[in-house]
Structures are given as C-alpha cells and as structure tokens.
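Everything below concerns the one structure shown next.
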Amino acid sequence: MTGDLNLELIPYDKMESVLPLIFELNQGKLSEEILKSRLKDILAMGGYQCLGVYDKQKLIACCGIWLLQKFYKGKHLELDNVFVSEAYRSRGVGRLMMDWLSEYGKSMDCASLELNCYLHNEKGVKFWKRHGFEPLGYHMIKNLE
1 MTGDLNLELI
11 PYDKMESVLP
21 LIFELNQGKL
31 SEEILKSRLK
41 DILAMGGYQC
51 LGVYDKQKLI
61 ACCGIWLLQK
71 FYKGKHLELD
81 NVFVSEAYRS
91 RGVGRLMMDW
101 LSEYGKSMDC
111 ASLELNCYLH
121 NEKGVKFWKR
131 HGFEPLGYHM
141 IKNLE
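With the first letter of the sequence shown counted as 1, position 104 gets the number 104 in this note's numbering; the numbers rise by one all the way through.
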C-alpha cells in the first residue's frame with residue numbers, strides 16, 4: 001500500500017488543501033474560517049512548510065514543518081499538526097512520513113526533529129517513541145484570551 005503513495009512539500013498556493021485534515025485533527029473545535037485565517041497568518045510569517053502524503057491525487061496525511069533555530073539545540077525542524085486520515089492509519093503512512101522528514105531534516109543540516117504531543121494522546125506518545133523521539137520537558141501554555 002505505502003509504495004503507491006507520493007510524499008511532497010505542498011506549494012504555498014495549494015496550502016489550503018490541508019484545512020479539511022486540520023479541521024478533523026482538531027475534532028471540529030475550530031471553524032474552517034478560523035483555520036483559514038490562521039493559515040494565512042502562518043504563511044505570512046515565513047519558515048513554514050507542509051508535507052503532504054497523496055494517494056493518487058487525494059491528500060491523505062499532512063505534517064506542518066517549522067525550520068527553527070534555538071540556543072539549546074541549534075537548527076531543527078519542529079513538526080506540527082501531524083495527521084493521517086483514519087482510513088490510512090496503521091498502514092505504514094506515519095513511518096513513511098517520519099523517514100521522509102528525517103532525511104529532509106538532514107538535508108537542511110538540522111540537529112534534530114522536535115514536536116509537541118498532547119498528554120492525553122497515548123497512541124501518539126507510543127508512535128513517537130517508536131520513531132526515536134524522547135520526552136524532553138513539558139510544553140506549557142498560559143491562555144491570554
């Protein structure tokens with residue numbers, strides 16, 4: 001199955017194609033209007049890319065990619081909004097994405113891949129650990145709205 005899939009960076013002018021997947025990832029908690037507005041702001045910031053996984057022409061998975069530089073680690077890729085459509089889960093799509101992202105990070109001279117995973121996402125934690133990710137600390141948030 002996974003041999004029939006195509007992985008590529010999504011061009012900025014096609015980036016809105018990820019919004020239905022991001023809507024599903026957020027379980028409909030954010031409206032499509034809000035997601036579209038936030039995507040516009042994200043793209044305006046620069047430094048953001050998105051990996052798309054396609055089954056023929058159908059986008060079935062995505063992963064946002066931030067190219068960042070931080071004192072503690074140096075240059076790295078931060079993965080964001082990693083999502084695989086339910087019908088494609090447990091079929092090797094995530095492994096394909098992680099292999100692609102690791103090679104991409106190396107090609108960009110990155111020291112690491114990093115991400116945040118919600119505390120309640122036990123399956124996600126197991127997936128990330130299987131792919132060599134280790135917990136480093138807490139991602140903490142203080143809401144201002």
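Yeah, the Cβ is synthetic: ideal placement off N, Cα and C, and Gly gets one too.
Whether residue i touches residue j by CB criterion (8 Å)
i: PHE83; j: LEU25; result: yes
i: LYS36; j: LEU19; result: yes
i: LEU9; j: GLN49; result: yes
i: LEU136; j: TRP128; result: no
i: MET97; j: VAL53; result: yes
i: SER23; j: GLU32; result: In the sequence under discussion, the amino acid at residue 23 is Phe, which differs from the Ser named in the question. Result yes, Cβ atoms of PHE23 and GLU32 sit closer than 8 Å.
Buried or exposed (CB count within 10 angstroms, at least 16 for buried), residue i
i: HIS120; result: exposed
i: HIS76; result: buried
i: GLY132; result: exposed
i: ALA61; result: buried
i: GLY64; result: buried
i: LEU144; result: exposed
i: MET15; result: buried
i: GLY47; result: exposed
i: GLY94; result: buried
i: GLY105; result: buried
Boundaries of the beta strand (DSSP E) in which residue i is found, first to last residue
i: SER17; result: Careful: SER17 lies outside any beta strand (DSSP E) and carries neither H nor E.
i: GLY74; result: 74-84
i: GLU122; result: Not the beta strand (DSSP E): GLU122 falls in the alpha helix (DSSP H), residues 122-130.
i: ASN6; result: 5-9
Residue i: first and last residue of the uninterrupted alpha helix (DSSP H) it sits in
i: ASP99; result: 93-107
i: LYS56; result: Note, LYS56: premise wrong, no alpha helix (DSSP H); not H, not E.
For residue j and residue i, believed in contact at Cβ under 8 Å, the rounded distance
i: LEU51; j: LEU101; result: 7 Å
| Continuous alpha helix (DSSP H) assignments of at least 4 residues falling wholly in the segment 16-45 | Residue ranges of uninterrupted alpha helix (DSSP H) with 4 or more members, entirely inside the segment 16-45 and ordered along the chain, are 19-25, 32-45.
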